[in-house]
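Contents: one structure, followed by commentary.
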Amino acid sequence: MWTQAFKLGVPMNKLDDGDKLLLPASALESLLSQSSANSFEFGSMTNASNDSSQTPGLPSPITFEIRNVKARNVIYGGVKEFSAEEGLVHLPQWMQRSLNLETGDTIALRLKELPKGQWARLRPISADYKEIMDYRAALESYLRANYNTLTAGEILNIKYGSNRYEFLVDDLKPEKAVCVTDTDIEIDIEPLEQGTTLAHEQNPQTTSILASSQATDQPLNLGQSIDRHAATDQYVYFHLKLDSVSSDLELVLLTTQGNTDIVADTEKKPVLSFHEWSDLTSKEEKSIIIRASELQAKDTLYIGVHGADLDADSKFKLTLRPALSSNSNQMEVDTNTEDSVECENCGSWVPQRTLPLHERFCFRNNVRCPWGCGAVFKKGSEELDNHWHCDKCDYCGVVADKPKHQAYFHQERECVCGEFKCDSIIDLSKHRRTECYQKLIICRFCHNLVPQEGAPSTAHDKLLGLHGHESYCGSRTIECQKCHKQIPIKDIQVHAKVHQIERQARTLPPQCRNVNCVRPAASNSLKLCQNCFGPFWVSTNDPGNIKLIQRVARKYHSQLTSGCGRMSCKNKFCATATGETKDPTEAAQILIPLIQSLQQQLSSKPSQPILYLCVDDSTAHVRSLGEALYNMVKQRYDLNWCIKAVQTEKDDLSKAKDWVENNAPLPR
0 MWTQAFKLGV PMNKLDDGDK LLLPASALES LLSQSSANSF EFGSMTNASN
50 DSSQTPGLPS PITFEIRNVK ARNVIYGGVK EFSAEEGLVH LPQWMQRSLN
100 LETGDTIALR LKELPKGQWA RLRPISADYK EIMDYRAALE SYLRANYNTL
150 TAGEILNIKY GSNRYEFLVD DLKPEKAVCV TDTDIEIDIE PLEQGTTLAH
200 EQNPQTTSIL ASSQATDQPL NLGQSIDRHA ATDQYVYFHL KLDSVSSDLE
250 LVLLTTQGNT DIVADTEKKP VLSFHEWSDL TSKEEKSIII RASELQAKDT
300 LYIGVHGADL DADSKFKLTL RPALSSNSNQ MEVDTNTEDS VECENCGSWV
350 PQRTLPLHER FCFRNNVRCP WGCGAVFKKG SEELDNHWHC DKCDYCGVVA
400 DKPKHQAYFH QERECVCGEF KCDSIIDLSK HRRTECYQKL IICRFCHNLV
450 PQEGAPSTAH DKLLGLHGHE SYCGSRTIEC QKCHKQIPIK DIQVHAKVHQ
500 IERQARTLPP QCRNVNCVRP AASNSLKLCQ NCFGPFWVST NDPGNIKLIQ
550 RVARKYHSQL TSGCGRMSCK NKFCATATGE TKDPTEAAQI LIPLIQSLQQ
600 QLSSKPSQPI LYLCVDDSTA HVRSLGEALY NMVKQRYDLN WCIKAVQTEK
650 DDLSKAKDWV ENNAPLPR
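Each residue of the sequence shown is one higher than the one before, starting from 0 at the first, in numbering that gives the first Met the number 0.
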């Protein structure tokens with residue numbers, strides 16, 4: 000059995016997600032050498048279905064028993080690359096901690112083939128593990144990408160979105176160490192006893208604002224006001240269920256102490272750098288108007304109040320109410336009557352007769368904002384001294400607003416993706432919500448919370464709205480149940496639509512014009528099948544179909560007076576089917592309208608004759624089953640398709656029902 004000792008190299012961040020080692024190239028040469036000499040003694044667990052590209056004699060995947068030579072600690076792992084320096088092995092840092100290893104210590108590696116895992120019991124260590132919406136999808140995706148093995152007692156550090164969640168591998172089957180590559184393993188999640196979970200570790204890329212978030216979501220109802228306080232640089236969160244909201248909404252934030260910001264989004268926990276609606280001014284009363292049209296197809300509105308005062312907690316009152324209509328907001332009192340004149344100093348409209356008196360007082364006591372915003376102040380007042388205009392944009396307020404305004408709107412900041420820089424936190428938020436490749440999305444294919452990655456690179460992906468991750472994830476193939484071709488997951492809906500269009504375009508060949516027949520029509524003047532037309536065929540020329548009609552009349556007369564003699568017959572113009580034998584006179588009275596109608600049908604273009612002829616027992620049986628199926632499917636499909644289904648499935652009604660529901664054109 001292959002065994003070799005190595006010195007532990009320095010930690011490498013690229014190995015920390017998973018259980019894979021970095022080995023020197025000589026290790027691969029040694030493995031191949033022993034493999035070619037047939038020196039491996041693998042047991043019955045060898046996977047006989049290894050990929051043909053795998054080196055003969057080596058297991059797939061290659062897994063090792065990893066041991067600290069100074070202790071009895073053992074763990075298992077796979078191999079990532081054979082690119083380490085000679086004599087060194089690099090391990091994930093969690094493995095080093097588990098084995099109590101330091102850089103430079105000696106490690107013994109032994110080639111060890113592990114059984115395929117069948118069952119695992121995981122216990123969450125992170126307190127907020129329930130934020131993972133789909134445990135199976137998250138664990139399956141993470142293990143598939145990063146792990147070859149699982150060992151009982153190890154701790155999995157699963158990345159989900161921008162957070163990490165720890166799970167203890169409590170138990171495994173069939174053994175305490177198993178291989179998880181190319182296997183379907185059943186996973187049970189059982190929480191630890193209360194009080195033993197630990198606060199989860201935030202991803203270093205997560206913003207410090209989100210990491211310091213203090214509040215759980217509190218429900219907020221329409222028409223409700225809530226008084227709360229927000230600690231410095233922390234958030235208080237609220238949420239509104241939108242199932243009963245049909246009008247525009249207005250969020251009003253009244254700051255009673257300190258300074259606050261309000262942000263809102265349809266995704267959980269909006270922050271300054273990731274939100275859709277906001278008011279980031281320093282006004283005591285802030286408001287956000289959210290149109291009902293912007294909330295369509297959304298379940299919940301999330302509101303965050305941020306404590307922006309750097310020195311103390313901030314107190315606020317949050318009110319949610321229906322927004323006033325635009326007409327109400329625009330109602331203004333028209334005071335500039337025909338005899339009114341605008342004051343040149345303050346801009347107000349006064350009666351012309353009192354203008355001199357008003358102007359003498361106004362010019363003596365008032366002054367208009369020198370920066371052009373139109374505000375009027377009393378000369379020498381504190382309000383005038385505190386009035387401030389930003390020299391980089393159109394914002395105006397008081398001098399105390401300047402630090403916050405500069406920090407929010409004129410301070411360079413860089414997105415976590417490293418590819419976008421801006422001065423405004425609003426622009427940063429817009430970038431992070433739209434084009435940032437680190438934006439978290441629920442992948443429509445693997446159902447995991449993952450970064451969306453790069454913009455669509457092909458016209459195909461652009462049409463489907465797929466960014467980098469979904470384009471890659473959706474490239475996996477599955478078998479189409481219809482045509483049994485391997486189709487990329489991202490194309491399966493379009494592929495299914497093609498099948499649907501093909502199904503709707505299907506047609507049956509023209510059917511025999513005998514209403515009791517089930518066969519396709521042949522090429523003849525009556526458009527009957529060959530069986531039904533046989534008695535009427537003659538080799539002589541018959542201009543105007545006179546002789547043909549005479550033969551049809553004789554056939555009808557025979558059916559009405561004598562019948563066909565078949566007990567299965569259901570022809571309403573047959574004495575056997577009706578049980579009533581007609582005399583020649585009665586038969587003539589019945590057949591004359593039929594013949595007259597037939598003559599008209601044959602002379603019309605295109606001709607669509609309708610005949611009522613007796614058929615053989617097998618044909619009658621198929622038609623009877625077709626009519627039964629037609630009623631079974633509640634007449635949703637054409638009768639001829641029901642007959643086709645019965646013929647295809649050899650008179651098996653159960654299979655015929657499945658066939659018609661899968662193949663017949665859907666009712667329009």
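Glycine residues also receive a C-beta, built at the ideal position from the N, C-alpha and C atoms.
Since the model is a prediction, treat every value here as computed from it, not as a measurement.
Between the CA atoms of residue j and residue i - distance to the nearest angstrom
i: I184; j: A229; result: 46 Å
i: L652; j: L628; result: 7 Å
i: P664; j: L27; result: 59 Å
i: V9; j: E153; result: 21 Å
i: F532; j: N540; result: 16 Å
i: R431; j: D264; result: 13 Å
i: L171; j: L427; result: 46 Å
i: V177; j: I491; result: 34 Å
i: P355; j: C361; result: 10 Å
i: K656; j: D650; result: 11 Å
i: M44; j: D187; result: At M44 the pLDDT is 42, less than 50, meaning the model places this residue with poor confidence; the figure from the coordinates comes in the next sentence. Distance between the alpha carbons of M44 and D187: 25 Å.
i: A587; j: N639; result: 32 Å
i: Y436; j: K377; result: 52 Å
i: T318; j: I440; result: 31 Å
i: V366; j: R359; result: 13 Å
i: V535; j: H498; result: With the sequence shown as reference, residue 535 is identified as Phe, and Val is not the correct amino acid for it. Cα to Cα, the separation comes out at about 42 Å.
i: L221; j: Q92; result: 51 Å
i: V493; j: S623; result: 38 Å
i: D18; j: T62; result: 10 Å
i: V449; j: A504; result: 40 Å
i: E501; j: P666; result: 14 Å
Sheet register partners of residue i (DSSP bridge)
i: S603; result: None, per the DSSP bridge assignment.
i: E277; result: The question names Glu, but residue 277 is Ser in the sequence shown. Answer is V262.
i: P487; result: T476
i: S286; result: V251
i: P519; result: Q510
i: T618; result: Answer is none; T618 lacks a bridge partner.
i: C613; result: Per DSSP, none; premise fails for C613.
i: V349; result: V340
i: V88; result: L7
i: V270; result: F273
i: G306; result: T259
i: P123; result: F166
Residue i Cβ short of 6 Å to the ligand NAD heavy atom set
i: F362; result: The model on display carries no ligand, and the ligand NAD is accordingly not part of it.
Cutoff 7 Å; reference residue i; Cβ partners in own chain excluding five residues on either side
i: K496; result: none
i: I548; result: I594, L597 and Q598
i: N661; result: none
i: Q600; result: S606, Q607, P608 and I609
i: G464; result: none
i: T196; result: Because the pLDDT at T196 is just 40, under 50, the model does not fix this residue reliably, and the value given afterwards should be weighed accordingly. Hits under 7 Å: P123, I124, S125 and A126.
i: K391; result: H409
i: V750; result: Absent from the model: residue 750. The displayed extent of the chain is 0 to 667, so no value can be given.
i: Q204; result: Because the pLDDT at Q204 is just 34, under 50, the model does not fix this residue reliably, and the value given afterwards should be weighed accordingly. These residues qualify, in order along the chain: S161 and V415.
Contacting residues, own chain, Cβ-Cβ under 8 Å from residue i (five flanking each side not counted)
i: L7; result: L87, V88, H89, L90, Q95, L100, E101, T102, G103, D104, T105 and I106
Chain-order list of residues whose beta-carbon lies under 6 Å from that of residue i (same chain, five-residue window excluded)
i: D216; result: Y236 and H238
i: Q351; result: D338 and V340
i: G467; result: E452 and G453
i: D169; result: R120 and R122
i: V251; result: S286 and T318
i: V179; result: G116, L142, Y146 and L149
i: E40; result: Summary for E40: the model assigns pLDDT 47, below 50, so the residue's position carries little reliability; its value from the coordinates is reported in the next sentence. If we look at E40 and ignore the five residues flanking it on each side, it has no Cβ neighbours.
Quick one: any contact between the region 110 to 119 and the region 55 to 67, if contact means 3 or more CB pairs under 8 Å? yes
If we require 4 or more residues per run, which alpha helix (DSSP H) segments fall completely within the region 550 to 598? 574 to 577
Would the region 127 to 143 and the region 74 to 88 be scored as touching if the rule is three or more Cβ pairs under 8 Å? no
Is the region 398 to 410 touching the region 231 to 250 in the sense that three or more CB pairs, one from each, lie closer than 8 Å? no
In chain order, which continuous runs of the beta strand (DSSP E) of length 3 or greater are located wholly inside the region 132 to 193? Listed in chain order, they are 148 to 150, 154 to 159, 162 to 172, 176 to 178 and 185 to 188.
Is the region 563 to 583 touching the region 608 to 617 in the sense that three or more CB pairs, one from each, lie closer than 8 Å? yes
Which ranges does the alpha helix (DSSP H) cover as unbroken runs of at least 4 residues, wholly within the region 359 to 387, from first to last along the chain? 381 to 385
Contact between the region 503 to 519 and the region 473 to 485 (3+ Cβ pairs under 8 Å): no
Indicate whether the contact test is met: 3 or more Cβ pairs, each with one atom in the region 553 to 571 and one in the region 633 to 641, closer than 8 Å. no
Is the number of C-beta pairs between the region 258 to 278 and the region 300 to 310 that are closer than 8 Å three or more? yes
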